[in-house]
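Residue numbers (this note's numbering), protein chains in the order written: chain A, 1 to 253; chain B, 254 to 468; chain C, 469 to 683; chain D, 684 to 910; chain E, 911 to 1137; chain F, 1138 to 1195. A virtual CB, placed ideally from N, CA and C, is assigned to each residue, including glycine. So the structure is just underneath, and the comments pick up after that.
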Amino acid sequence: MNTLTLWFHKFGSPPTFFRVTALLSPWLFGAAFLIGLAGIYWGLFVAPADYQQSDAYRIIFIHVPCAWMGLFAYIFMAVNAFIALVWRIKISEILAMTSAPVGAFFTAVTLATGSIWGKPMWGTWWTWDARLTSELVLLFLFLGVIGLYNAIEDRRQAARAAAFLALVGIVNVPIVHFSVSWWNTLHQGSTVRLLGPSRIDSSMLWPLLLLALATHIWFFASVFARSRVSLLELEGGKEWARDIALATEHGHE
Amino acid sequence: MISSDPPSPIPLLQAEELAYARNDEPVFGPLDFTLNAGEVVLVEGDNGSGKTTLLKVLSGLLVPNSGKILLNGEDLTLARLSHQVALLSHLGGLKLDLTALENLRFAIGVFGLRSGAAPLPALASVALEGYEDVPVRNLSAGQKKRVALARLLLVPAALWLLDEPYANLDKSGIDLVNRLLDSHARRGGAALVTSHGAYAFTSGTPRRLPLRPTP
Amino acid sequence: MISSDPPSPIPLLQAEELAYARNDEPVFGPLDFTLNAGEVVLVEGDNGSGKTTLLKVLSGLLVPNSGKILLNGEDLTLARLSHQVALLSHLGGLKLDLTALENLRFAIGVFGLRSGAAPLPALASVALEGYEDVPVRNLSAGQKKRVALARLLLVPAALWLLDEPYANLDKSGIDLVNRLLDSHARRGGAALVTSHGAYAFTSGTPRRLPLRPTP
Amino acid sequence: MRYGTTRSACAAVIRRDLLLTWRRRGDALNPALFAIIVVVMFPLALGPEPNQLANISAGIVFVAVLLAGLLALDTLFRGDHEDGTLEQIVLSPHPLSMLLASKILVHWLSTALPLIVVSPLLAEMLHLPRQVMPVLMISLILATLLLSLLGAVCVALTIGMRRSGMLLALLVLPLYVPVLIFAAGACNAAQLGLPFLAPLLWLGAALALALVLAPLACAAALRISIT
Amino acid sequence: MRYGTTRSACAAVIRRDLLLTWRRRGDALNPALFAIIVVVMFPLALGPEPNQLANISAGIVFVAVLLAGLLALDTLFRGDHEDGTLEQIVLSPHPLSMLLASKILVHWLSTALPLIVVSPLLAEMLHLPRQVMPVLMISLILATLLLSLLGAVCVALTIGMRRSGMLLALLVLPLYVPVLIFAAGACNAAQLGLPFLAPLLWLGAALALALVLAPLACAAALRISIT
Amino acid sequence: MNELFSMGGYGSYVWSSYAIFAVALLIDYLAPKLRNRQVIADLRGRMKRQQRRQEKSA
Ligand code: HEM
Ligand SMILES: Nc1ncnc2c1ncn2[C@@H]1O[C@H](COP(=O)(O)OP(=O)(O)OP(=O)(O)O)[C@@H](O)[C@H]1O
Ligand SMILES: Nc1ncnc2c1ncn2[C@@H]1O[C@H](COP(=O)(O)OP(=O)(O)OP(=O)(O)O)[C@@H](O)[C@H]1O
Ligand SMILES: [Mg+2]
Ligand SMILES: [Mg+2]
Chain A
1 MNTLTLWFHK
11 FGSPPTFFRV
21 TALLSPWLFG
31 AAFLIGLAGI
41 YWGLFVAPAD
51 YQQSDAYRII
61 FIHVPCAWMG
71 LFAYIFMAVN
81 AFIALVWRIK
91 ISEILAMTSA
101 PVGAFFTAVT
111 LATGSIWGKP
121 MWGTWWTWDA
131 RLTSELVLLF
141 LFLGVIGLYN
151 AIEDRRQAAR
161 AAAFLALVGI
171 VNVPIVHFSV
181 SWWNTLHQGS
191 TVRLLGPSRI
201 DSSMLWPLLL
211 LALATHIWFF
221 ASVFARSRVS
231 LLELEGGKEW
241 ARDIALATEH
251 GHE
Chain B
254 MISSDPPSPI
264 PLLQAEELAY
274 ARNDEPVFGP
284 LDFTLNAGEV
294 VLVEGDNGSG
304 KTTLLKVLSG
314 LLVPNSGKIL
324 LNGEDLTLAR
334 LSHQVALLSH
344 LGGLKLDLTA
354 LENLRFAIGV
364 FGLRSGAAPL
374 PALASVALEG
384 YEDVPVRNLS
394 AGQKKRVALA
404 RLLLVPAALW
414 LLDEPYANLD
424 KSGIDLVNRL
434 LDSHARRGGA
444 ALVTSHGAYA
454 FTSGTPRRLP
464 LRPTP
Chain C
469 MISSDPPSPI
479 PLLQAEELAY
489 ARNDEPVFGP
499 LDFTLNAGEV
509 VLVEGDNGSG
519 KTTLLKVLSG
529 LLVPNSGKIL
539 LNGEDLTLAR
549 LSHQVALLSH
559 LGGLKLDLTA
569 LENLRFAIGV
579 FGLRSGAAPL
589 PALASVALEG
599 YEDVPVRNLS
609 AGQKKRVALA
619 RLLLVPAALW
629 LLDEPYANLD
639 KSGIDLVNRL
649 LDSHARRGGA
659 ALVTSHGAYA
669 FTSGTPRRLP
679 LRPTP
Chain D
684 MRYGTTRSAC
694 AAVIRRDLLL
704 TWRRRGDALN
714 PALFAIIVVV
724 MFPLALGPEP
734 NQLANISAGI
744 VFVAVLLAGL
754 LALDTLFRGD
764 HEDGTLEQIV
774 LSPHPLSMLL
784 ASKILVHWLS
794 TALPLIVVSP
804 LLAEMLHLPR
814 QVMPVLMISL
824 ILATLLLSLL
834 GAVCVALTIG
844 MRRSGMLLAL
854 LVLPLYVPVL
864 IFAAGACNAA
874 QLGLPFLAPL
884 LWLGAALALA
894 LVLAPLACAA
904 ALRISIT
Chain E
911 MRYGTTRSAC
921 AAVIRRDLLL
931 TWRRRGDALN
941 PALFAIIVVV
951 MFPLALGPEP
961 NQLANISAGI
971 VFVAVLLAGL
981 LALDTLFRGD
991 HEDGTLEQIV
1001 LSPHPLSMLL
1011 ASKILVHWLS
1021 TALPLIVVSP
1031 LLAEMLHLPR
1041 QVMPVLMISL
1051 ILATLLLSLL
1061 GAVCVALTIG
1071 MRRSGMLLAL
1081 LVLPLYVPVL
1091 IFAAGACNAA
1101 QLGLPFLAPL
1111 LWLGAALALA
1121 LVLAPLACAA
1131 ALRISIT
Chain F
1138 MNELFSMGGY
1148 GSYVWSSYAI
1158 FAVALLIDYL
1168 APKLRNRQVI
1178 ADLRGRMKRQ
1188 QRRQEKSA
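Right under this line is the structure:
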């Protein structure tokens, strides 16, 4: 326990965080890229066509990992927002704020691929059912957090205001997830289960899981990369940040 | 600075190692000072040295990065404010659509009323008789300042934080501020006043708190 | 007041029987005065005596109720402005989201550039080196005023109308304004300055234009 | 010394805000005017067929009222922030949440109430069937109260910004969506002759919760964004 | 001395306003966001039937865009008025109408253009038939240009007022009504397969007239209301 | 090969989905890099300004 808190404090100190993530982030990006490539190859070229949807179902390998990722990003953001508000930990503020744009990206991809998939399957790009509407609201929440954070001058105050909003918005996450079972929607119900047997063929399940793993790793890679920039901006008055700014050649990292 | 007076029980305001930084750029350095009842201190410093910021920190509107503020010996936080502090800021804190009198009445409602004070005499003592019922919007720059000063006379705060009270005032207005400060001190109040030395206290030499921008 | 100088051909500014009333309540009475090139005049008056209003009338922003304003011998109207007048008002006329430098560049674009002047040196001469690229929003009250003063140095106006240029400035800032006024006058410009007598001109005694509220 | 009670402080806030509303009573009509404008635009843009309009009338009235409320929200704290009186209120020793609740109350009275008063007119302009009117009124009252309370929290968050503009709308929208669905849902159900009580009860429950929690959240948000 | 030409003064205004837009590029997205919000509210309030939505989709898009434009109008001179730069612009020796025309141009670019860019998305969300889209785009461009020009005159008139708020909307509405009728009329005609060219030509003619007269009127109005 | 691209007639849907995914990730990858450049430039400007202020006050 003691070593854990010690480790947390060490990792939580800005220069250390900066150094550790500098080492971590490229490897994470690389791993995510390779795993994702493998998953895509499997999903596009190896997995068989669906008997109902033929090849259109292959959108699932993008749509579903991104959808999970968007929800995960929101939860990650809200947890960090809570820590930031209660204990005023700088790193948590930054992690919360940098997961918002990444989550927004994944949510936007979910919406886009969902509509693209909806056109051949449902005959329309968009309907106003509960799943789709709540997912749109999720995107708005991400955008709201980003907008609020960018609109306030003082970085720490901005982070705390946006963190507050992120916490209030967490009620939407269960709504997105359970919307298919609470209301009767056009969108299909859950087929993949962590516990118990999934209602999906394993030849289709594996690429799905690979891509889910890849997007999660990517998420952390991206959040770390963004956090380093924000940290540098926030700690611009400190010695270590200035050393880095001086040591960095223009245009290189 | 003050050497031979009897040790007062608890100073009204006490700042220990107080420092404020904006986005990690220090605005004013670690400051230590005490303010006793009956004292008026002039905060001095060039443009941009952090006077306004200091007053906001002391009122609780900004959270200091390090150090402590003790008011009557107790920690000051925005969540636990007392009736002790009144701030006169650049903004004035006046509703332009209300008359001078209505503005004062609102202040009394929210902050309480000093014993023996009343809105009309307060307006008279800042030389605004006859302007009680004029919307503040239609007052000139100096007249607005006077209304804001009248508010200080009404609320039961012992500590006044005044940001450039002399600006925009004419000579009689400057005298007025000095008289108000004097009588406030004599009543046992204290005040922290920012001002650019050129025009300042007439009566005696007040204590000075120099602010130098931390580079 | 000035008796023995050679009769200048045309005074820069001439006001004849100038009066302004707001809703038929007179703000300042009929005024007559002339302002020649090379002169600086201090407009004096208590709070609410109409100084700000007078400057607005002279700049063309308010239309006088009676009387005439002649600029270089010609009638002044808002529809026919010349490059001759620059106004420093309470509001400052600065875009808070732009940097000091960008604000000055805009002023040059709209008003033109005085020969020999340039934005960077102008900022340096108001002691704002190192603040060129800071958004004006992040400057202190006095620093904002200095940026507004730098604008005056850049535009080719002969007549400066300055409303309380000293307010919010520190001692060196007050000196600065005086130096700027001096050299402007020596270059053949003229200025009308409102100020509350307490802190004013260091060099010589300027002409004064007293304003008394018309009862 | 007379420090005054919390109740008297709230009364002072209410008195002042009512006085301000009265001084600029023209402004108080703005939301209602805006809603009328929105409602007027629709027949112009859609063509004036009464049947088509009647079908969508409850929805349009709701959207118009909510938009008007949304736009009026910005004025809740902005004026006070700009002239420094919000600073004064925050520095007051009385519980901030109570003072803010007073402000929210007056704001609802001065912006939402006129809207509710004109809504029968709006509904009439769009040929809403007469029997839906009571449901419309009740759901409007519940919805506007909820929105004033929830919106206040968002406004408090945006107060530190230069110009909150429509970012506020973005923040408030996710909170508005369920309210809109339930409230308009009740009206649509009533128009189709279906039961409409359940959504109204949901709204009522949410309102009860918001009455307790929103002022506290609002005070916390304001403290975050004003310091 | 270098007094500068009128062209250079206009360029300075344009450069500054573009720079300001860039500095707060978040704000520039506001009108588009608002329009999206309005469009999202309708299916929620009306129920999600695609056919019903398709019938009224062009109208809703128009109302959304016009409302967003209306709300953005207020920012045209307000900021400049509050910080005193409008005073400076009025005191400039160059023709005020040209400087104001520059401001109106940048305002259109920064508020209406994003709206036009998102309008296909809005139309798609409301199931607008694909073939109506080009007509919608053209009439939106004409209508927003006209409204920026006409609106600017109204804003100039209300600038002296403390908080013009929705009075502005009231002033502008009568000017908007014919524009809305012609522009939405063209779209509705296209949707029904009827000829739609005539209303578009009328709009074009009105635009040509407004391009010449509106800046002059705007300058005159501003002079009146700033003194 | 052709069959691969047509995806049983759903080619445009499937490929555009994957393309959107790729583009989003690319932007997500590049955005912090660009921002980093700007932050460092800003920081250097700030340091330079601060130095000049110090020189002046010295
Ligand atoms: C714009 C339209 C769409 C949106 C916003 C959307 C959104 C989502 C979201 C948020 C999830 C994750 C739910 C969770 O894990 O809690 C999800 C899962 C899923 N979606 Fe969609 N979707 C859309 C369209 C479609 C379409 C058209 C299909 C197929 C016909 C589809 C099939 C699926 C499947 C199979 C899952 C996985 C369900 C599970 O196993 O839990 N989606 N979608
Ligand atoms: N909102 C802000 N954001 C960022 N920096 C700011 C902000 N306000 C002030 N500053 C900076 O903080 C420093 C201190 O400002 P402050 O307003 O406290 O000075 P001051 O002593 O009151 O000056 P003045 O005499 O000019 O009023 C200045 O360098 C200023 O540029
Ligand atoms: N907008 C206004 N509407 C109505 N009356 C006004 C308005 N502005 C000022 N006044 C009144 O006009 C008179 C002159 O005001 P003005 O602002 O010109 O005074 P001033 O000499 O600049 O004073 P100060 O030294 O306080 O700035 C004052 O009595 C004031 O109350
Ligand atoms: Mg200050
Ligand atoms: Mg004045």
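Query	Result
Length of the line joining the Cα atoms of E:Tyr1086 and E:Leu1057	7 Å
C:Trp628 - containing beta strand (DSSP E), residue span	Leu627 to Asp631
7 Å Cβ cut-off: residues of chain D touching E:Ala955	Gly742, Phe745, Val746, Leu863 and Ala867
Where the alpha helix (DSSP H) containing C:Val645 begins and where it ends	Lys639 to Arg654
Contact set for A:Ile244: own chain, Cβ-Cβ below 8 Å, skip 5 residues either direction	Phe18 and Leu232
Residue range of the beta strand (DSSP E) that includes C:Gly497	Glu493 to Leu503
Short-range partners of chain D found in the segment 156 to 167 of chain A, where Cβ spacing is below 9 Å	Gln157, Ala158, Arg160, Ala161, Ala162, Ala163, Phe164 and Leu165
Nearest residue (CA-CA) to B:Glu292, options B:Ser425, B:Ser436 and B:Leu464	B:Ser436
Given D:Ile821 as reference, the closest of D:His810, D:Leu880 and D:Arg906 once Cα atoms are compared	D:Leu880
Environment of D:Thr827 [buried if 16+ CB atoms lie within 10 Å]	buried
Best match in A:Leu211, A:Ile75, A:Ser25 and A:Thr248 for proximity to A:Ala104 [C-alpha to C-alpha]	A:Ile75
Per-residue burial, E:Phe944 [other beta carbons within 10 Å of its own, 16 or more giving buried]	buried
B:Thr306 beta carbon near ligand 2 (any heavy atom closer than 7 Å)	yes
Per-residue contacts from D:Thr910 into chain A (C-beta, under 8 Å)	Gln157
Heavy atom of ligand 5 within 7 Å of A:Glu254 beta-carbon	Absent from the structure is residue 254 of chain A, since the part of chain A shown begins at 1 and ends at 253.
Bridge-paired residues (DSSP) for B:Arg461	B:Leu295
8 Å Cβ shell around A:Leu195 - same chain, five flanking residues per side excluded	Because A:Leu195 carries a pLDDT of 49, less than 50, the predicted location of this residue cannot be relied on, and the following value inherits that uncertainty. So the list is empty, once near-sequence residues are dropped.
Closer than 7 Å: E:Met1008 CB and nearest ligand 1 heavy atom	no
Rounded C-alpha distance that separates C:Pro498 from C:Asp543	17 Å
Per-residue contacts from B:Asp465 into chain A (C-beta, under 7 Å)	In the sequence on display, residue 465 of chain B carries Arg and not Asp. Under the 7 Å cutoff, chain A gives no residues; its nearest Cβ is about 17 Å from B:Arg465.
Simplified DSSP state of C:Ile537, which is helix, strand or coil	strand
Helix, strand or coil at C:Tyr488 according to DSSP, with G and I counted as helix	strand
Anticipated Cβ contact below 8 Å, E:Ala1146 with E:Leu1009, distance rounded	The structure shown does not extend to residue 1146 of chain E, since chain E is modelled only from 911 to 1137, so the question has no answer here.
Beta-carbon gap between C:Leu530 and C:Tyr488 smaller than 8 Å	yes
Partner residues on chain A for F:Arg1181, Cβ-Cβ distance less than 8 Å	Ala245 and Leu246
Chain-order list of residues whose beta-carbon lies under 6 Å from that of A:Val229 (same chain, five-residue window excluded)	none
Local Cβ density within 10 Å of C:Ile478, reported as buried at 16 or more and exposed below that	exposed
Validate contact between the segment 350 to 368 of chain B and the segment 769 to 777 of chain D using beta carbons, cut 8 Å, 3 pairs	yes
Inter-residue CB distance, D:Leu894 and D:Val838 (contact presumed, cutoff 8 Å)	Not a contact, Cβ separation roughly 17 Å.
Any C-beta of chain I under 8 Å from that of A:Lys119	This model lacks chain I altogether; the protein chains it does include are A, B, C, D, E and F.
Every unbroken alpha helix (DSSP H) within the segment 562 to 598 of chain C, with a cutoff of 4 residues, ordered by chain	568 to 579 and 587 to 593
Beta carbon of A:Leu176 nearer than 8 Å to that of A:Ser134	The sequence as given places Val at residue 176 of chain A; Leu does not occur at that position. Contact flag set, yes.
Near-chain C residues of the segment 994 to 1006 of chain E (beta-carbon distance less than 8 Å), N- to C-terminal order	Gly994, Thr995, Glu997, Gln998, Ile999, Val1000, Leu1001, Ser1002, Pro1003 and His1004
Strand pairing of B:Val446, partner residues [DSSP]	B:Leu295 and B:Leu415
A:Ile152 and D:Met844 closer than 8 Å at C-beta	yes
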